[in-house]
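*Asks:*
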Amino acid sequence: MNNINKKIKKLRESKNLSQERFGRKLGLSGKTISSYETGRCIPPLYILDKISFIYKAELFEVNEDTKCKLKQALSQLQELIKSLEIILLSD
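With the UniProt record's numbering, letter number 24 in the sequence shown gets 24, and the count goes up by one each step, no holes.
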């Protein structure tokens with residue numbers, strides 16, 4: 001079981017919810033929650049975001065170094081998009 005899986009299970013248990021009730025608030029089945037908790041499936045980012053929002057919980061932390069790297073990567077992607085727009089619009 002990876003860290004996210006453990007955190008989902010711990011969060012659900014801290015709210016005293018069954019897998020079925022926890023999942024229902026997310027629009028998911030109890031079987032899906034079980035598969036996340038046991039590691040059979042990895043929840044997509046939009047589900048992690050939904051869990052964080054609905055249950056007011058932090059499932060993962062992003063440290064300052066990671067934030068800096070993400071900002072740099074985003075900046076590079078934005079530059080690439082601008083370059084592609086120039087290439088595509090020049091035809």
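All C-beta atoms in this analysis are idealised placements derived from N, C-alpha and C, irrespective of residue type, glycine included.
#1: Between Tyr36 and Pro44, which are expected to be in contact by the criterion C-beta below 8 Å, what is the C-beta distance as a whole number of angstroms?
#2: Are Lys7 and Leu59 touching if we call contact CB-CB under 9 Å?
#3: Check whether the Cβ atoms of Phe22 and Lys15 lie closer than 9 Å to each other.
#4: Could you check which residue in Gly39, Thr38, Gly27 and Ser34 has the C-alpha nearest to that of Tyr46?
#5: Considering just the uninterrupted stretch of the alpha helix (DSSP H) at Gly23, what are its terminal residues?
#6: When the distance is taken between beta carbons, is Ile54 closer than 9 Å to Lys25?
*Replies:* So, to answer that:
#1: Incorrect: roughly 10 Å between the Cβ atoms, too far for contact.
#2: yes
#3: yes
#4: Gly27
#5: Gln19 to Leu26
#6: yes
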